[in-house]
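Chemist: First the structure, which I've put down as structure tokens, then a few questions once you've had a look.
In my numbering, the protein residues as written are 2 to 112.
This is the structure we're talking about:
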């Protein structure tokens, strides 16, 4: 538990949320406009923050191998709702790969 506190302390010191799973400000008007996107994503991604009105951060729970494609698809879905979107960030925390999908190897390696 102490190691987790040390890892997340830098985000609080710098005032950053990107790179962490900490929630940030979300504009309710924009959230209402993209509610259909949130319904489509379901439990695979949870909205964490809307930065500068056009950058959307999500906590992604799906497979790592699909992360980039899901982010691109989510960006398209948001634009289809008539909302300006300059980027979608899918945060996964400390997870770098899918050990159970990769044959059960639990080695996470030094990254």
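Every residue gets a Cβ at the ideal spot worked out from N, C-alpha and C, and that includes glycine.
Everything numeric in this text was worked out from a predicted model, so none of it was measured.
From 61, 50, 43, pick the residue whose C-alpha is nearest to that of residue 99; which is it?
Modeler: Mapped onto the chain shown, residue 99 falls at position 98. It is 61 whose Cα lies nearest to the Cα of residue 99.
Chemist: Is residue 46 helix, strand or coil when you go by DSSP?
Modeler: Taking the chain shown and counting its residues from 1, one reaches residue 46 at position 45. Note: residue 46 maps to strand in three-state DSSP.
Chemist: Identify whether residue 85 lies in helix, strand or coil by the three-state DSSP scheme.
Modeler: The count along the chain shown starts at 1 and reaches residue 85 at position 84. Residue 85 falls in the coil class under three-state DSSP.
Chemist: Kindly indicate which residue of 14, 97, 85 has the alpha-carbon position closest to the one of residue 66.
Modeler: Indexing the chain shown from 1 puts residue 66 at position 65. Among 14, 97, 85, the Cα nearest to that of residue 66 is on 97.
Chemist: Using beta-carbon positions only, say whether residue 72 and residue 57 come within less than 7 angstroms of one another.
Modeler: Taking the chain shown and counting its residues from 1, one reaches residue 72 at position 71. Taking the chain shown and counting its residues from 1, one reaches residue 57 at position 56. No, these two residues do not count as a Cβ contact at 7 angstroms.
Chemist: Pull the bridge partners of residue 56 from the DSSP assignment, please.
Modeler: Indexing the chain shown from 1 puts residue 56 at position 55. For residue 56, which the question treats as bridged, DSSP gives the partners 52, 88.
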